[in-house]
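Here is the structure we will look at, set down as structure tokens.
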Amino acid sequence: MARVSLVPRGNRSGRGRRISPADLHLEAPVDLRALTTLLALKRRCEELEEAFRRSRRVAGQLSRHLKTVAEVLRLCSGESEPGRIVQVAQARIQRFCPVDFWSVLLVDSEKSCLTFESCGGKEMSALVGCRLGMGEGVAGRVLRTRSPLLLSRGASPAAVPGVPEIPEKLAWTQVLALPLMSRGKVIGVVEMIRGNQGKPFRRRDVRVLSLMLEPMAVALENSQLLKRSEELSVTDDLTKLYNSRYLNACLLREVHRARRYRSQVSLIFLDLDGFKNVNDQHGHLAGSRALVEVGAVIKNMVREIDVVCRFGGDEFTVILPQTGLEGARIIADRIRRRLEETVFLEAFGFLVRITASFGIASFPDHAGSEKALIQKADEAMYKVKGSGKNAIAEAV
60 MARVSLVPRG
70 NRSGRGRRIS
80 PADLHLEAPV
90 DLRALTTLLA
100 LKRRCEELEE
110 AFRRSRRVAG
120 QLSRHLKTVA
130 EVLRLCSGES
140 EPGRIVQVAQ
150 ARIQRFCPVD
160 FWSVLLVDSE
170 KSCLTFESCG
180 GKEMSALVGC
190 RLGMGEGVAG
200 RVLRTRSPLL
210 LSRGASPAAV
220 PGVPEIPEKL
230 AWTQVLALPL
240 MSRGKVIGVV
250 EMIRGNQGKP
260 FRRRDVRVLS
270 LMLEPMAVAL
280 ENSQLLKRSE
290 ELSVTDDLTK
300 LYNSRYLNAC
310 LLREVHRARR
320 YRSQVSLIFL
330 DLDGFKNVND
340 QHGHLAGSRA
350 LVEVGAVIKN
360 MVREIDVVCR
370 FGGDEFTVIL
380 PQTGLEGARI
390 IADRIRRRLE
400 ETVFLEAFGF
410 LVRITASFGI
420 ASFPDHAGSE
430 KALIQKADEA
440 MYKVKGSGKN
450 AIAEAV
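With the first letter of the sequence shown counted as 1, position 7 gets the number 66 in the working numbering; the numbers rise by one all the way through.
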């Protein structure tokens with residue numbers, strides 16, 4: 060068997076200079092098996108080199124993705140408003156996976172629905188604030204299965220049954236819906252939509268997007284918990300109206316606004332007439348229920364910008380922004396008449412009539428501060444108490 064030796068060209072001794080791979084050659088005769096082995100080793104080295112290059116590319120992609128996730132986490136953790144959280148997260152996610160339209164739907168447990176929190180794309184913007192049933196559409200399926208869902212279709216603008224969350228005239232080819240997972244539970248759904256010219260979603264997109272959305276989901280849930288905590292601190296436990304703490308804070312803001320823009324803000328202060336008799340005759344449980352019903356009547360009689368508060372006991376207040384004394388009297392009389400006409404506690408089998416005494420005061424006509432405004436409206440209410448009740452008095 061011939062021996063194979065590797066020597067440099069032009070230098071049999073191989074001494075005196077550095078040898079590079081290009082200098083090496085096989086000295087004949089060459090054993091065929093040795094040559095086959097060398098060729099196999101060469102191919103294997105090339106395969107390993109290509110695998111290494113692929114691994115480096117994948118590692119680079121993963122590194123970039125992790126940096127994006129870290130950036131989303133950092134930005135979201137610095138925000139407390141849901142709109143801002145979605146905005147900063149989507150801006151980063153769009154760099155990785157550009158889409159034509161998108162929407163974020165959050166679970167509203169109290170109303171048993173999904174609410175459009177934020178949308179991207181002109182055609183989708185009108186959906187913000189709209190509601191979708193828990194089991195409706197693509198989002199409903201994702202909410203139920205807790206898993207991503209990819210839906211493809213032709214570019215026809217006609218509506219597709221089962222996708223009510225997409226406007227009928229919107230031309231789309233794919234919808235990728237992913238659950239917003241926070242602490243092991245689904246708090247909403249993100250839908251990413253590609254139009255006619257969009258590239259198809261890849262399997263890798265689903266994995267990486269799920270990873271990127273988790274910081275946003277946690278930040279959104281934290282925002283919801285914070286909002287709920289703030290609401291509880293300013294909400295009356297019984298009637299679910301605002302409490303006196305919120306009255307003081309809100310009235311302070313409205314007085315400052317009225318002073319700045321040289322406008323007016325008025326306050327209605329009302330006290331139920333003879334309410335102690337309701338408790339004495341029907342019990343405190345019925346009395347508590349009556350307060351809830353009274354609060355509902357008042358709230359139904361005011362405008363959306365007005366703020367109804369339970370001041371304490373059987374006393375209520377209504378803040379009337381951008382409203383003078385005459386407007387306050389009109390609203391107060393509307394409430395007074397509706398209370399007088401309403402039969403309370405029918406669900407308990409009782410037929411209870413309730414009236415109230417009203418005092419109204421206005422800034423800057425009667426008071427120069429929020430505390431003085433409350434005091435003036437309260438004093439006006441007590442004038443009614445001393446002169447027949449079920450009427451309205453203006454502050455002096």
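From the three backbone atoms N, C-alpha and C, an ideal C-beta is built for every residue, glycine too.
Inter-residue spacing [alpha-carbon to alpha-carbon] between residue i and residue j
i	j	result
Gly180	Trp161	7 angstroms
Ser325	Thr401	25 angstroms
Gln381	Thr294	24 angstroms
Phe370	Phe407	25 angstroms
Ser206	Ala355	41 angstroms
Ala308	Ser421	17 angstroms
Ala99	Ala276	52 angstroms
Val166	Ser211	25 angstroms
Ile364	Leu191	26 angstroms
Met193	Ser171	6 angstroms
Leu310	Arg318	12 angstroms
Val187	Met251	15 angstroms
Arg388	Val265	59 angstroms
Arg116	His315	59 angstroms
Arg304	Glu289	11 angstroms
Ala217	Asn255	Its pLDDT being 46, under 50, Ala217 is placed unreliably in this model, and the value from its coordinates should be taken loosely. Going from the Cα of Ala217 to the Cα of Asn255 covers about 13 angstroms.
Glu313	Lys258	51 angstroms
Beta-carbon gap between residue i and residue j smaller than 9 angstroms
i	j	result
Glu138	Phe175	no
Val163	Val249	yes
Val158	Arg262	no
Gln323	Gly247	no
Arg200	Leu209	no
Leu229	Leu202	no
Val351	Leu291	no
Phe155	Leu300	no
Own chain partners of residue i with C-beta closer than 7 angstroms, once the 5 adjacent residues on each side are dropped
i	result
Glu399	Thr414 and Asn449
Ala349	Val337, Phe403, Leu404, Val411 and Ile413
Asp332	Thr414, Ala415, Ser416, Lys448 and Asn449
Asn302	Val293, Thr294, Asp295, Cys368 and Arg369
Cys189	Phe175
Arg92	none
Val197	Leu208, Leu210, Val222, Glu224, Val234, Ala236 and Glu250
Neighbourhood of residue i by C-beta distance below 8 angstroms, restricted to the same chain and skipping five residues each side
i	result
Met360	Ile390, Arg393, Ile394 and Arg397
Leu344	none
Gly346	Phe334, Val337 and Asn338
Beta-carbon proximity list for residue i, same chain, < 6 angstroms, skipping 5 on both sides
i	result
Ile152	Met271
Ala452	Gly418, Ala439, Lys442 and Val443
Phe328	Thr376, Gly418, Ala436, Asp437 and Met440
Val455	none
Glu182	Pro226 and Leu229
Residue burial classification, residue i (beta-carbon count within 10 angstroms, cutoff 16)
i	result
Leu306	buried
Pro460	Since the displayed the chain opens at 60 and closes at 455, residue 460 lies outside it and no answer follows.
Gly342	exposed
Ile144	buried
Pro141	buried
Phe334	buried
Ala426	buried
Ser215	Caution is warranted here: a pLDDT of 42 is assigned to Ser215, below 50, making its placement in the model unreliable, and the coordinate value is therefore given only provisionally. Exposed, by the Cβ-count rule.
Asp330	buried
Gly445	exposed
Phe260	buried
Leu432	buried
Within 8 angstroms, do at least three Cβ pairs link the segment 277 to 293 to the segment 236 to 255?
yes
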